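Notes to accompany the following structure.
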Amino acid sequence: MNETLFSVLISLILIAFVAQSANAHGPSRQKVVEKIEISASPDKIWEIVKNFSDFSWNPMVKSASQEGSGVGSTRILKFDGDATITQALEKLVPEKKLISWRVKESVNEILAVNSYSAIIMVGSEENSKTTVTYKAAFYRGFMGNDPPEELNDANSKKKVIRFIK
1 MNETLFSVLI SLILIAFVAQ SANAHGPSRQ KVVEKIEISA SPDKIWEIVK
51 NFSDFSWNPM VKSASQEGSG VGSTRILKFD GDATITQALE KLVPEKKLIS
101 WRVKESVNEI LAVNSYSAII MVGSEENSKT TVTYKAAFYR GFMGNDPPEE
151 LNDANSKKKV IRFIK
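Take the sequence shown: its letter number 163 is residue 163 in full-length UniProt numbering, and every next letter is one higher.
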């Protein structure tokens with residue numbers, strides 16, 4: 001085999017290997033950002049949002065209970081049936097009107113996600129309306145390659161959006 005043919009053959013093998021390994025990666029972090037304008041003052045909205053033990057503003061949540069207080073405390077959200085999600089309070093920053101929490105376990109039944117974290121920020125008032133921003137970041141429910149449809153990126157994102165709204 002001449003040297004040029006050998007070089008071309010090696011190049012093709014390397015290209016095929018690189019292309020295959022690019023397809024063999026696991027899930028990538030997904031993000032969802034939802035904003036809503038509410039006809040209320042930022043302080044009034046913050047009074048509701050900062051209360052980590054109260055998630056009654058979300059119609060999917062049937063009840064919520066809190067263990068501990070302040071950063072590091074946990075809340076358990078209960079849904080229809082026996083489904084629950086346990087969340088840990090990560091940040092509570094009153095001067096910025098910001099609260100964030102994290103779910104460390106896999107949450108396939110409700111959200112079809114892994115490593116879910118969320119932030120709610122209450123903005124300033126403009127024209128008698130306050131913008132509230134909810135940001136969520138997560139991995140799909142199936143952490144390996146080739147997820148089943150119910151645990152893929154699109155379905156995980158769809159379930160998170162439904163939960164936020």
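We put the CB at the ideal spot given by N, CA and C, even for glycine.
Keep in mind the model is a prediction, meaning the values are calculated, not measured.
When DSSP builds the beta bridges, which residues end up paired with residue 140?
Looking up residue 140 in the sequence shown gives position 140. In DSSP, residue 140 forms a bridge with 113.
With DSSP as the reference, identify every bridge partner of residue 125, one or two as the case may be.
Translated into positions along the sequence shown, residue 125 becomes position 125. DSSP, once it has assigned bridges, lists 130 as partnering residue 125.
Measuring alpha carbon to alpha carbon, tell me which residue in 38, 123, 153, 62 is nearest residue 81.
In the sequence shown, residue 81 corresponds to position 81, counting from 1. With distances taken between Cα atoms, residue 81 lies closest to 62.
At the level of alpha carbons, what is the spacing between residue 153 and residue 85?
Along the sequence shown, read from residue 1 onward, the residue named residue 153 stands at position 153. Along the sequence shown, read from residue 1 onward, the residue named residue 85 stands at position 85. If I take the Cα positions, the gap works out to 20 Å.
Count the other C-beta atoms from every protein chain shown that fall within 10 angstroms of the C-beta of residue 156, then say buried if there are 16 or more, exposed otherwise.
Mapped onto the sequence shown, residue 156 falls at position 156. Burial call: buried.
Assuming contact is defined by CB atoms lying nearer than 8 Å, are residue 142 and residue 116 in contact in what I supplied?
Counting from 1 along the sequence shown, the entry for residue 142 is found at position 142. Counting from 1 along the sequence shown, the entry for residue 116 is found at position 116. Going by C-beta atoms, residue 142 is not nearer than 8 Å to residue 116.
Under DSSP, the beta strand (DSSP E) around residue 75 begins and ends at which residues?
Start at 1 with the first residue of the sequence shown, and residue 75 comes out as number 75. Counting along the chain, the beta strand (DSSP E) containing residue 75 begins and ends at 74-78.
Is it buried or exposed, residue 83, if we count other Cβ atoms within 10 angstroms and call 16 or more buried?
Along the sequence shown, one-based indexing puts residue 83 at 83. Classification for residue 83: exposed.
Within its chain, find whatever has a CB closer than 8 Å to the CB of residue 93; leave out the 5 residues flanking it on each side and keep chain order.
Within the sequence shown, numbered from 1, the residue matching residue 93 stands at position 93. For residue 93, where only same-chain residues beyond five positions count, the Cβ hits under 8 Å are 99.
Helix or strand or just coil, what does DSSP make of residue 118?
By 1-based counting over the sequence shown, the position of residue 118 is 118. Strand.
Tell me which residues share the same chain as residue 179 and place their Cβ nearer than 7 Å to its Cβ, disregarding the 5 neighbours each side in the sequence.
Residue 179 lies beyond the stretch modelled for the chain, which goes from 1 to 165, so this question has no answer here.
Could you tell me which residues DSSP puts in a beta bridge with residue 151?
Residue numbering aside, residue 151 sits at position 151 when the sequence shown is read from its first letter. According to DSSP, residue 151 bridges with nothing at all.
DSSP state of residue 95, grouped into three classes?
Taking the sequence shown and counting its residues from 1, one reaches residue 95 at position 95. In the structure shown, residue 95 sits in a helix (DSSP, three-state: H, G or I).
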